[in-house]
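Heads up: the protein sequence lines correspond to chains D and C, in order.
Take 1 as the starting number for the first sequence in this note's numbering and just add one per residue.
Take 278 as the starting number for the second sequence in this note's numbering and just add one per residue.
Worksheet for the structure shown next.
Number of protein chains: 2
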Amino acid sequence: MHQPDPQKLSLNTATVRQQWTLDKIIEGCARHEIRGISPWRDQVAALGLSQTRQLIKQHQLTVTGYCRGGMFPGIDAAHRQRQWQDNQRAVDEALELDAACLVLVVGGLPAGSKDLAGARSQVRDGLSALLEYSRPRGMPLAIEPLHPMYAADRACVNTLAQANDLCDELGDDGLGLAVDLYHTWWDPNFQREITRAGLKRLLAFHICDWLNPTQDLLEDRGMMGDGVIDIRGFRQAVEALGYDGFHEVEIFSKSNWWTRDPDEVLRVCKARHQEHG
Amino acid sequence: MHQPDPQKLSLNTATVRQQWTLDKIIEGCARHEIRGISPWRDQVAALGLSQTRQLIKQHQLTVTGYCRGGMFPGIDAAHRQRQWQDNQRAVDEALELDAACLVLVVGGLPAGSKDLAGARSQVRDGLSALLEYSRPRGMPLAIEPLHPMYAADRACVNTLAQANDLCDELGDDGLGLAVDLYHTWWDPNFQREITRAGLKRLLAFHICDWLNPTQDLLEDRGMMGDGVIDIRGFRQAVEALGYDGFHEVEIFSKSNWWTRDPDEVLRVCKARHQEHG
């Protein structure tokens, strides 16, 4: 099948977060027949966890991921302890929302540090400790490798290979990958590493497009079809491994999609998912 | 030795290109006792090739690299033919200037293309053809892996591993790497890949810093010490392999260093090279 299953579209709520509160986003998904949703913690906190759970159930949406835990490296043990506790709360919230996984943005360099290898060690240690909490509770953790341009400030896990290495080391029970094409489309080892990951580790699949030129490091992601990523080819590559989960659209777009009528944004997401996804 | 040899500092002329023409830059290097220089083709064309050669000789500067050849992928054969001819001229100019190497920025996706693997094949083919010209003339080609954020528009060779793979495939006679820390500092395989490259392939070593946050994808590079790169650690890593070539400073900085008195920029380059290089 060339076109994607429209039932597999999921909306990462960041895509319309500037226009709508979470209740409006949930209702928007239902109205536009988008069956998956991936909410952010601050939006859930604003709406209330139980209210969020109730609205999502009411509209029978699938929570394809919960954004987000991680941010493991810290300048001292007290920071890391606070982060560990916060990550436990994130696991609890993800469980409450029946999320498919807790997405992990693992964190970059602690303030003032140039020790990238040290930060990566802290990620491994923090992840190992969090797994002791998440595994018995049955909440899968999805390591999301971020584009290398975020190595300093957001995530020092920058390739699928690094994420696979972590799964190898820590065991892939309750641990896997969130494969976001925005972060990984450039990777010459993409095919090798998703094959190495295999179906069991493919916990989430995120799509959007890389604009050429890109105006902003963080908030200039493109709608599917407006950039250079062969989204269909990548989607077929993960499906060839047996992946039949959702295709989650996550677009940070300060000067374009965040300024538009959110109903239009959802209509375009649906159409572009069919055309380019 | 902890501090770098000050005689090993080289100036990539892009660092002060907004303030000075090439003749002024050459004279500035001499005045500040910066012994290496790496000029760009457009600046050389503006000053004239023989005039550039003469001024550089007069001031006894070492040309640590010539910027730049490459841009191999093209939308059609005619484009690639023109590019091949232009790359031959770049080799000739590099020879005329006694450059240590011709630096190659290999090019990204052809206009309208989403075929990254195809672009990478075109790079291999274009490089193979150019080697037939450069090898008998004795001009080494230095593949510069660019940061993955430039995969679409500038270079689809984004890791040291890819560059090493090209050297393996095409033979490393007259072919090697330009290792620029701005592009490679995030790479978890940095140590493995420079070791794999070995002394023979280490044709150039470029330094500057990664600012956190970075405001612009292209023109917000940092002065050594202002960012998060452990420049000293990386320099010692290449020197541990026997590298004793220059440390070339290349800073594109639209809103900071390009707006300053260029004599101040060179003074700061020298001081920061000693302090952080």
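All C-beta atoms, glycine included, are put in the ideal place defined by N, C-alpha and C.
Cβ separation of residue i and residue j, assumed to be a contact under 8 Å, to the nearest whole Å
i: R478 (chain C); j: D445 (chain C); result: With 8 Å as the limit, R478 (chain C) and D445 (chain C) do not qualify as a contact, their Cβ atoms being about 10 Å apart.
i: D291 (chain C); j: F529 (chain C); result: Note on residue identity: the sequence assigns Ala, not Asp, to residue 291 (chain C). Correct: roughly 6 Å between the Cβ atoms.
i: G504 (chain C); j: L494 (chain C); result: Rounded, the Cβ-Cβ distance is 15 Å, inconsistent with contact.
i: V400 (chain C); j: P465 (chain C); result: Not quite, the Cβ-Cβ distance comes to about 23 Å (not below 8 Å), so this is no contact.
i: Q58 (chain D); j: P262 (chain D); result: Wrong, their Cβ atoms sit about 20 Å apart, outside the cutoff.
i: L55 (chain D); j: R35 (chain D); result: Their Cβ separation, rounded to whole angstroms, is 15 Å, which puts L55 (chain D) and R35 (chain D) out of contact at 8 Å.
i: G347 (chain C); j: G384 (chain C); result: 6 Å
i: H206 (chain D); j: E250 (chain D); result: 5 Å
i: L131 (chain D); j: L166 (chain D); result: In fact, because the Cβ distance is near 10 Å, the residues do not count as touching under 8 Å.
i: P283 (chain C); j: K531 (chain C); result: At roughly 28 Å, the Cβ-Cβ gap does not stay under 8 Å, so P283 (chain C) and K531 (chain C) are not in contact.
i: R120 (chain D); j: Y182 (chain D); result: Contact flag wrong, Cβ pair sits at about 21 Å.
i: A377 (chain C); j: L543 (chain C); result: Not really, about 21 Å apart at Cβ, beyond 8 Å.
i: W84 (chain D); j: G118 (chain D); result: W84 (chain D) to G118 (chain D), Cβ: 18 Å. No contact.
Proximity below 7 Å, CB of residue i to CB of residue j
i: P140 (chain D); j: T159 (chain D); result: no
i: I26 (chain D); j: V16 (chain D); result: no
i: T341 (chain C); j: F523 (chain C); result: yes
i: C433 (chain C); j: L393 (chain C); result: yes
i: D209 (chain D); j: M224 (chain D); result: yes
i: P425 (chain C); j: W186 (chain D); result: yes
i: Q236 (chain D); j: Q3 (chain D); result: no
i: V103 (chain D); j: A77 (chain D); result: no
i: S113 (chain D); j: E248 (chain D); result: no
i: L374 (chain C); j: R330 (chain C); result: yes
i: A161 (chain D); j: E193 (chain D); result: yes
i: I508 (chain C); j: G554 (chain C); result: yes
i: A406 (chain C); j: I352 (chain C); result: no
i: Y308 (chain C); j: V382 (chain C); result: Tyr is not the amino acid found at residue 308 (chain C); the sequence shown has Arg there. For R308 (chain C) and V382 (chain C), no; Cβs fall outside 7 Å.
**Message:** Is it the case that the region 188 to 208 of chain D contacts the region 412 to 427 of chain C, given that we only count it when at least three CB pairs across the two stretches are under 8 Å?
**Reply:** no
**Prompt:** the region 136 to 152 of chain D: which residues have C-beta closer than 7 Å to a C-beta of chain C, in chain order?
**Reply:** H147, P148, M149, A151, A152
**Prompt:** Unbroken beta strand (DSSP E) runs of length 3 or more, entirely within the region 415 to 451 of chain C: which are they?
**Reply:** 418 to 420
**Item:** Where the region 82 to 110 of chain D meets chain C: residues whose CB sits under 9 Å from a CB there
**Value:** G108, L109
**Request:** Could you run through the region 480 to 507 of chain C and flag, in chain order, every residue whose CB is less than 7 Å away from some CB of chain D?
**Result:** Taking 7 Å as the upper bound on Cβ-Cβ separation, chain D lies near residues W487, N489, P490, T491, L494, V505, I506, D507 of the region 480 to 507 of chain C.
**Prompt:** Taking any Cβ of chain D, which residues in the region 524 to 553 of chain C have a Cβ under 9 Å from it, in chain order?
**Reply:** none
**Residues within the region 458 to 479 of chain C neighbouring chain D, beta-carbon criterion of under 8 Å** = W462, W463, D464, P465
**Message:** With three or more beta-carbon pairs closer than 8 Å as the criterion, would you say the region 320 to 327 of chain C touches the region 365 to 378 of chain C?
**Reply:** yes
**Message:** Going residue by residue through the region 305 to 370 of chain C, where are the continuous alpha helix (DSSP H) segments of at least 4 residues, counting only ones entirely within it?
**Reply:** 318 to 324, 326 to 335
**4 or more residues per run - each alpha helix (DSSP H) lying fully within the region 504 to 535 of chain C** = Entirely contained in the region 504 to 535 of chain C, the alpha helix (DSSP H) runs reaching 4 residues are, in chain order, 508 to 517.
**Asked** For the region 157 to 169 of chain D, which residues have a beta carbon sitting closer than 8 Å to at least one beta carbon of chain C?
**Response** N158, T159, A161, Q162
**Prompt:** Are the region 453 to 461 of chain C and the region 280 to 290 of chain C in contact at 8 Å, needing three or more beta carbon pairs?
**Reply:** Result no; under three Cβ-Cβ pairs closer than 8 Å.
**Asked** Where are the beta strand (DSSP E) runs, 3 residues long or more, that stay fully inside the region 474 to 498 of chain C, in chain order?
**Response** Taken in chain order, the unbroken stretches of beta strand (DSSP E) that lie wholly in the region 474 to 498 of chain C and span 3 residues or more are 479 to 484.
**Asked** When you check each C-beta in the region 56 to 80 of chain D against every C-beta of chain C, which residues fall closer than 7 Å?
**Response** none
**Within 9 Å of chain D by C-beta, residues of the region 279 to 305 of chain C in sequence order** = If the cut-off is 9 Å between Cβ atoms, the region 279 to 305 of chain C has nothing near chain D.
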